[in-house]
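Here's the structure we're looking at; comments come further down.
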Amino acid sequence: MSSKNIFLSMIHKRYFEKKMLYNIISIVYTLILLDFASLYNFSYRFTMNKESEILIFDEKQHNSVFFQDDEQELVFDILYSTESILYDEKLHVFTYTKGNIIEFEALNDLFGSDKNEILGGKIECNFNLRYFLKITKDVTAIPDKIDFEFVKGIIMVMKILKAIENKSWNLYFQALFFKTYRFYEKSSIGESEYKFHKHLNQNFWRQVGFDTKQNLTSALLNSLMVENIFFDGNLILLESSQATYDKSLLDKHIPYKNLLLNNHKVLYTVENVLKDRTILSMLEVLFDEININSLILGNCHNFKILDDDFHFYVFAINSFKSITISNLEKCLSSLFLNKIKLVTEKNIEFLSLRNVLISKSDLSFICNTYILKGLVLNNVRTSEDFDFIEDYSDLNKTMEYINLKNVEIDYKWWNIYLETPIASKIILSLNTYFSQKNFIAKFKNINVFNCEKILYLKIDFCCSEIFNHVCTKLFFFKSLQTLKLYGYKSNVNTESCLSEALKNMKALEFLYIKQYNFDYSCDSFVFEKQGIKILHFECFIFMKEFVMIDCSNIYKSLNKIVLKHTIIGESTLLIIFQLENLKFLSLKSCNFEPEIKSQSFHFNLKNLISLSFSKSNLKVFYNIDFLSNFDNLEKIDLSKCKVPCSYITKVSHFCDLRLKKFSYISGKLDLHDLNRMKNFQVLKILNLSKCKFVECNFSKLGDDCRFFNSMEDLNLLFVKINLEDLYYLRNFKKIRNLSFSSSNFSLVAEKSVLVLLPIKQFSTEIDYKDINYKNRYKYLYEKNINVDFI
């Protein structure tokens, strides 16, 4: 009988009397309460005293079990009370203060709560909060015997309590990882690796935030005594905290974040660390979680394989899909390459060789080992005296990205390369007349069908005129989305051909022209291409003629303009200020028509978020209040513009809640400027280097400055600041990068400020009078703070 029929039968037989219905509801309600009760295995009472402390009391005696079940979803709830309640001091288990080594936003919120002056309440959760707070109050409280299940529990509780991930957090996890190694030291080779994958599995990592994954990676490396920093999502491993690294190695055209081993000594260190298979597995998982799939061996000047047992464990990390080797002065040896081949899988997609000496046979070995999507050869030389790249036309069948710079390529290879299927992204730097001559001679033979497959083309010429047949062939690049042409000389004949080519590029959105000369009679095509979204135009030599822009064809599409070393007329400015979809405007090192009439201007840049006039003479704008017309600016750069005092007062008040970056290098500031500036409420980056304060000083921003809690990067280099200014810096509670000239201060005064700030980078002037000036900042090195001397 169906449930529906049973139900109807019960009604007909009058089984569903009121009393029975009441009993059923009571039973269901009790079951629901029991279900909710099962969520909360632990309960505590708390009260807040006058010393801003949270006193936590056990409601009942709990055992020391951290979790009842490590797979259950964590629950944490706070019930507030505005009434004063007396507690049994014997049940007091913990006192939480805002200055704890590990702080938790879930508890810190109680200090600043406006819930009618909370006096106490109840905490309910399904984990042992007392035990957790005890072992996170002090690093020494971490038990000696901990496993990956314990580490997982700590991470998940920190997540639900919203732990503040600062230096103390990092130090805590360093200790935690260290004790975990010690626990598994006597385990079998595969046991610890198995336990790691069991407890810290994919389901666990899905619940962990990206920033936490990065911080865990950093803490793990720190516990292994490997110096590391993150830059734009890339992980840099360094020999010391003071070491510098080459950012140009981080190729934005390779679609992966990078692990950069800064030199051969770091490589040796990493090799020793990765001998432990558990650590290798942990890093492999973490790298995959934070999207690090590219390996860079940087500055391998003195690298050599010390013995046959050198295994290259770092290449065994299976997540790597890209490899870069740079600055290897000695010839890249076959032993080196054979070692790599033994430990890498055939999933390498991108290969970059920069400043490397290699034999033709070894290059052939690499290209035949991997099915490459991208190849970068930058200043690559061969040990043989002949063209080394001529045999690799087969690469074109899989290639999507090719970048060649300072590579002497024979015309035979160009002949093969340009007539076969071709990469969709091409970057060529023709730095010698020989390579340029060979390229131009064969460019006319490029397969027209292949031209339509190219989406990105950048060619850096060697300071010469480009020939007509080059521009004529560009006509067939119909699918180009980005075109960048550098270092050529303009003439009437070639520019007319280039103009026609641009008209045929229907998909073109980004046009970058950087040339040695400018002739408006032939170069006006740059400003007439329909559909352009980003336009960057500059000259190596400062122009002598006004740029006259007719933007009627690109009025709706343009969202970014960069002009450099140009002279701009009033009519051009009138047009630029009418581009309603423009978001980024940069007029760098520009001059303007001497007489500009303020009544002529009508501003329609409602969407502009970035404005830069760096190194441009704004004298003609003194009587034009144009800054007040831009209400949505997030970035302003008025560096070296020779504007008078009080000029900052012109910034629109609507920018106060939007402006995040303000640069005013070599400017003049008075009290009016400071009173306006202090209202930038979300300012993160402020560059006042080389500024002159007129009848005021930096601290006159005052105690009511609105960006104390947002400022992350402050530059006061070469600025005259006094002791009052130095102590004023203590107000910036979230600052990460700080720069100022320190020669006027005693070590004691300077240290009293810097040790209190959460800085990661400090820059100052070199004090040539003190031969031991670097030792002055030993206390910063000990805190792993990078120090730069300008």
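In terms of the working numbering, the sequence shown is residues 68 to 857. The C-beta atom is built at its ideal place from N, Cα and C for all residues, glycine as well.
Check, Outcome
"L353 versus S285, Y380 and N295, residue with shortest Cα-Cα distance", "S285"
"Own chain, CB closer than 8 Å to R797, minus 5 neighbours either side, in chain order", "V820, L823 and L824"
"Endpoints, the beta strand (DSSP E) within which N301 is located", "N301 to L305"
"Cβ-Cβ distance between L578 and L550 below 8 Å", "yes"
"Contiguous alpha helix (DSSP H) assignments of at least 4 residues, all confined to the stretch 425 to 449", "427 to 436"
"Span of the beta strand (DSSP E) around T465", "Where T465 is concerned, there is no enclosing beta strand (DSSP E), given that its DSSP letter is neither H nor E."
"For V815, the first and last residue of its enclosing alpha helix (DSSP H)", "L814 to L821"
"3-residue-minimum beta strand (DSSP E) runs that sit fully inside the stretch 327 to 377, ordered along the chain", "359 to 364"
"Nearest neighbour of E637, chosen from P661, L304, I628 and K627 [CA to CA]", "P661"
"Exposure label - G188; buried when at least 16 CB within 10 Å", "buried"
"Limits of the alpha helix (DSSP H) - the one that N282 falls within", "F277 to S290"
"The stretch 343 to 352 touching the stretch 442 to 451, judged by at least three CB pairs closer than 8 Å", "no"
"Counterpart residues of S110 in DSSP-defined beta bridges", "E191"
"S259: first and last residue of the uninterrupted alpha helix (DSSP H) it sits in", "E258 to H266"
"Closest by C-alpha distance to L685, when choosing among L694, N674, V710 and I663", "V710"
"Three-way DSSP call (helix, strand, coil) for F785 in this model", "coil"
"Coarse secondary structure for M225, derived from DSSP in three states", "helix"
"Alpha helix (DSSP H) segment containing S563, residue limits", "V559 to K570"
"Same chain, Cβ closer than 8 Å to I833, five either side skipped, listed in chain order", "Y840, F856 and I857"
"Alpha-carbon spacing of K728 relative to N470, whole angstroms", "33 Å"
"Cβ-Cβ separation, C758 to Y731 (assumed contact under 8 Å), whole Å", "6 Å"
"Through-space distance from V749 to D723, alpha-carbon basis", "7 Å"
"Beta carbon of S531 nearer than 8 Å to that of Q503", "yes"
"H536 - containing alpha helix (DSSP H), residue span", "N535 to L541"
"Sequence-distant residues of its chain with Cβ nearer than 6 Å to N558 (five each side left out)", "E532"
"Where I852 falls, given that 16 or more other Cβ within 10 Å makes a residue buried", "buried"
"S810 in three-state terms, based on DSSP", "coil"
"Length of the line joining the Cα atoms of F774 and R725", "12 Å"
"Residues of its chain near I384, where Cβ-Cβ distance is below 6 Å and the 5 sequence neighbours each way are ignored", "E351"
"Boundaries (first-last residue) of the alpha helix (DSSP H) holding V515", "V515 to C518"
"Rounded straight-line distance, which links the Cα of Y312 to that of K332", "14 Å"
"Closest by C-alpha distance to K751, when choosing among L790, K800, T465 and C763", "K800"
"Where L153 falls, given that 16 or more other Cβ within 10 Å makes a residue buried", "exposed"
"Uninterrupted beta strand (DSSP E) stretches inside the stretch 667 to 723 (no shorter than 3 residues)", "677 to 679 and 702 to 704"
"Through-space distance from R112 to F124, alpha-carbon basis", "5 Å"
"Residue closest to N754, alpha-carbon to alpha-carbon, out of S706, I715 and S777", "S706"
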